[in-house]
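Chemist: Below: one structure in structure tokens.
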Amino acid sequence: QVQLVESGGGLVQAGGSLRLSCAASGRVSSYAMGWFRQAPGKEREFVAAISWSGGSTYYADSVKGRFTISRDNAKNTVYLQMNSLKPEDTAIYYCTAGTSVGTYVYWGQGTQVTVSS
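This is the structure:
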């Protein structure tokens, strides 16, 4: 069983930066990991994903060039560096882990990110 705990969310002005962290309770070094987000009244959407080795990364078009996903398998932690934030990035951000990119089994409780204009 893997438990995921997100942190690093908060309130930031447009153009600012935040770094989200997702700490796993179990070993996730063999798992692909990702970030999704859900804005009020909208469906949960994919943000970014990273392969188990960190060698491959994937991004939604809406965040490409602004967000960077990375991982530290020694710390069982995945990160999402978010730069040039926009009000439309406001959402609850969820961390997820699974056997491969696109096949997610475990989910965190989410962390709120609010970007003011």
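The sequence shown runs contiguously to residue 166 in our numbering. Cβ coordinates follow ideal geometry from the N, Cα and C atoms, glycine included.
1) At the level of alpha carbons, what is the spacing between threonine 126 and proline 89?
2) Comparing alpha-carbon positions, which option in Leu60, Tyr108 and Arg76 lies nearest tyrosine 155?
3) Among all the DSSP beta bridges, which residues are the ones paired with alanine 73?
4) When you compare the region 108-115 with the region 143-150, are there three or more beta-carbon pairs, one atom per stretch, that lie closer than 8 Å?
5) Compute the beta-carbon to beta-carbon distance between leucine 69 and leucine 129, rounded to the nearest angstrom, for a pair I have assumed lies under 8 Å.
6) Can you give me the C-alpha to C-alpha distance between isoleucine 141 and arginine 86, rounded to a whole angstrom?
7) Do serine 74 and glutamine 52 have their beta-carbon atoms positioned less than 8 Å apart in this structure?
Modeler: Let's see:
1) 27 Å
2) Arg76
3) Leu53
4) no
5) 4 Å
6) 5 Å
7) yes
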